[in-house]
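Here is the structure we will look at, set down as structure tokens.
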Amino acid sequence: MDEDDGTHVARGGTGARIAATLTEDIAAGLLAPGERLDETRVAERFGTSRTPVREALASLAAQGILVSEPRRGVRVASYTREQLAHMFETMQELEAVCAKLAAQRLTLLSRGALEAAQAECRAAAEAGDVSRYLPANEAFHQAIYAATQNPYMADLASDFRRRTGPFRARRFVTKDDLLASTAGHDALLSVIRGGDAERAEGDMRAHMAESYIRALSLS
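Counting in the UniProt record's numbering, the sequence shown runs from 1 upward without gaps.
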């Protein structure tokens with residue numbers, strides 16, 4: 001009985017790790033909309049059996065991050081332009097509120113996390129490294145969510161960020177794209193550190209609007 005329980009816990013832990021990593025890949029746009037996830041290849045990547053992989057894929061499908069279709073397998077979710085527009089509109093408002101709360105509640109620890117994430121964004125942008133910039137950009141926005149000190153708000157914003165990741169990532173192609181995004185981060189960070197909540201809200205809304213208009217034009 002003890003051995004079986006231990007195996008179950010281990011599988012659950014591995015499945016959770018796989019799900020978390022795949023979610024990060026999707027949020028960063030490293031996995032494209034409609035891209036098929038092969039169980040065998042995922043298992044090889046994580047050095048595990050297919051059982052925890054199935055658990056991870058089923059969990060992400062239940063959350064709507066992946067979709068499972070007969071004869072097509074498990075794929076990254078894709079959306080119509082209308083659906084994306086609605087999701088982006090919701091996400092824009094969530095991001096704006098998060099920036100406002102972050103400016104009001106910024107702690108020394110939260111500031112350090114934001115500055116570290118932005119330093120990585122800047123390094124990736126200056127190197128013109130899109131694959132490095134994508135997760136750094138996600139980390140910057142996640143640091144803003146954490147700075148709200150409101151886990152419910154952070155979870156909501158994170159959920160929309162995961163779902164829209166592959167579509168937002170399309171706008172990052174050239175080094176200039178990365179540098180422009182980093183400049184927007186610099187401006188946001190300055191306002192948040194200054195505690196100007198209303199301006200942080202407005203600046204974030206404008207920052208995300210530009211991002212979403214570009215993303216929709218490429219969808």
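Where is the CB? At the ideal position from N, CA and C, for every residue including glycine.
Here the structure is a predicted model, which means the values were calculated and not measured.
The beta strand (DSSP E) enclosing residue i, as first and last residue numbers
i: GLU35; result: GLU35 -> no beta strand (DSSP E), and no H or E assigned at all.
i: VAL76; result: 73-76
Cut-off 6 Å between Cβ atoms - residues of its own chain near residue i, not counting five sequence neighbours on either side
i: GLU55; result: GLY15
i: VAL74; result: LEU37, LEU57, LEU66, SER68
Delimiting residues of the alpha helix (DSSP H) encompassing residue i
i: LEU66; result: It is not in any alpha helix (DSSP H) - LEU66 instead sits in the beta strand (DSSP E) that spans 66-69.
i: SER181; result: 175-194
i: THR51; result: 50-62
i: GLN149; result: Per DSSP, GLN149 belongs to no alpha helix (DSSP H) and is neither H nor E.
i: GLY202; result: 197-217
i: GLY112; result: 108-127
i: PHE88; result: 81-105
Rounded C-alpha distance that separates residue i from residue j
i: ARG72; j: TYR212; result: 29 Å
i: GLU138; j: CYS98; result: 14 Å
i: GLU82; j: GLU95; result: 20 Å
i: GLU115; j: PRO70; result: 45 Å
i: HIS185; j: PRO151; result: 22 Å
i: ALA58; j: GLU35; result: 16 Å
i: ALA157; j: ARG17; result: 21 Å
i: ASP201; j: THR107; result: One point to set straight first is that residue 201 is Glu, not Asp, in the sequence displayed. Distance between the alpha carbons of GLU201 and THR107: 18 Å.
i: ASP196; j: ALA103; result: 6 Å
i: ASP129; j: ILE192; result: 26 Å
Other residues of its chain near residue i: CB distance less than 7 Å, five sequence neighbours each side excluded
i: ARG105; result: ALA147, THR148, GLN149
i: PRO166; result: ILE26, GLY29, LEU31, ALA32, PRO33, VAL76
i: ARG205; result: GLN92, ALA96
i: ALA124; result: ARG132, TYR133, ALA136, LEU178
i: HIS207; result: GLY184, LEU188
Identity of the residue in the options nearest residue i by Cα
i: PHE88; options: SER59, ALA209, SER217; result: ALA209
i: ARG163; options: HIS86, VAL42, PRO70; result: HIS86
i: VAL173; options: HIS141, ARG132, ALA96; result: ARG132
i: ARG170; options: ILE18, ARG50, THR21, LEU218; result: LEU218
i: ALA183; options: ARG161, ASP155, GLU126; result: GLU126
i: ASP177; options: ALA119, ALA215, ARG50, ALA157; result: ALA215
i: PHE46; options: LEU188, VAL67, LEU22; result: LEU22
i: PHE140; options: GLY128, ASP129, GLY112; result: GLY112
i: GLY64; options: ASP159, ILE192, TYR145, CYS121; result: ASP159
i: ALA20; options: ALA103, GLU44, ARG193, LEU60; result: LEU60
i: GLN142; options: CYS121, SER78, ARG41, THR40; result: CYS121
i: LEU37; options: LYS175, GLU24, LEU66, GLY13; result: LEU66
Same chain only: Cβ atoms within 8 Å of residue i, ignoring 5 sequence neighbours per side
i: GLU198; result: LYS100
i: GLY13; result: none
Residue environment, residue i, which counts as buried when at least 16 other CB atoms sit within 10 Å
i: ASP203; result: buried
i: SER190; result: exposed
i: ARG50; result: exposed
i: LEU109; result: exposed
i: ARG41; result: exposed
i: ALA119; result: exposed
i: ALA154; result: buried
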